[in-house]
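Comments concern the structure below.
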Amino acid sequence: MPALNRIQLIGRLGRDPENRFTPTGKNVTHFSIAVSNRWKGRDGVWKDATDWVNIEAWGRLGEVCTQYLHKGSLIYLEGRLKTDKYQSQGETKYFSKVVMNGMQMLDKKQAEEPADDEMMAVEEAEGEYEIEK
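Here it is, written out as C-alpha cells:
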C-alpha cells in the first residue's frame, strides 16, 4: 500500500539554529518554528493559537540554516514527520519532529543572503540521515 509522509509549514524560528555533528562527522541542525492558526469561534470572535514544531536539517541544508536563519526568520519548509523515543526514569517517551528536506526564506531581502548555488544546495539537499549513537 502506498504511503505519504510530507509536511509543509510556514512559520517563524523561535530560536537560532543549533548545529552539531554526529560521532561520524555528519552535520545536523536543530531549531523550532512557531506556526500560527486563526479561526472564528462560534461566538464570532477571532481566536489565535500557536503550535511549536521541532525541526531537524542535515548536511548542507543544515549549514545554510545555521548561516542565514536566526530567531524570528520567516520560512517555508518541506519535510517529513519523524517520531523518536528515549528512556526517562524507566519510561519510554516519544517526541515528533520534522526532518526538513527543503526550505525557502520568506523575509524581505536581507543584506546577506545565500548565492544561487547555495540555494541549489538547499533544494538538492541530500536525502535521509540517521543519527548514529
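Position 8 (the sequence shown) corresponds to 6 in the working numbering; numbering is contiguous.
All C-beta atoms, glycine included, are put in the ideal place defined by N, C-alpha and C.
Proximity of residue i and residue j at Cβ, strictly below 8 Å
i: Gly42; j: Ser30; result: no
i: Val96; j: Ile8; result: no
Other residues of its chain near residue i: CB distance less than 8 Å, five sequence neighbours each side excluded
i: Ala109; result: Only weak support is given to the placement of Ala109: the predicted model assigns it a pLDDT of 47, under 50, and the question is left unresolved by the model.
i: Asn3; result: Arg78, Leu79
Near the ligand GDP: residue i beta-carbon under 7 Å from a heavy atom
i: Met101; result: Summarising the ligand content, the structure contains no ligands, and the ligand GDP is consequently not present.
Per-residue DSSP class, three states only, for residue i
i: Leu59; result: helix
i: Gly9; result: strand
i: Thr20; result: coil
i: Gln65; result: helix
i: Arg4; result: coil
i: Met(-1); result: coil
i: Asp105; result: coil
i: Gln85; result: strand
i: Arg40; result: coil
i: Gly70; result: coil
Reference residue i, options the options, closest by Cα
i: Met98; options: Asp82, Trp56, Arg18; result: Trp56
i: Glu76; options: Met103, Lys45, Thr20; result: Met103
i: Glu54; options: Phe93, Asp105, Arg40; result: Phe93
i: Ala1; options: Lys106, Leu59, Leu79, Tyr74; result: Leu79
i: Trp50; options: Ser34, Lys38, Arg40; result: Ser34
i: Arg18; options: Gly60, Gln85, Trp44, Lys38; result: Gly60
i: Thr81; options: Arg40, Asn52, Ser71; result: Asn52
Cβ neighbours of residue i in the same chain (closer than 6 Å, five flanking residues each side left out)
i: Asp16; result: Sequence check: residue 16 is Glu here, not Asp. So the qualifying residues of the chain are His28.
i: Glu124; result: Interpretation of Glu124 is limited by its pLDDT of 44, a score under 50 that renders its predicted location unreliable; the figure taken from the coordinates is listed afterwards. For Glu124, where only same-chain residues beyond five positions count, the Cβ hits under 6 Å are Gly57.
i: Lys69; result: Leu11, Arg13, Asp14
Cβ neighbours of residue i in the same chain (closer than 7 Å, five flanking residues each side left out)
i: Tyr74; result: Ile8, Met101, Gln102, Leu104
i: Tyr84; result: Lys91
i: Ala47; result: Asn35
i: Lys38; result: Trp44
Are the segment 11 to 25 and the segment 59 to 71 touching by the rule of at least three beta carbon pairs closer than 8 Å?
Flag = yes, the segment 11 to 25 and the segment 59 to 71 touch.
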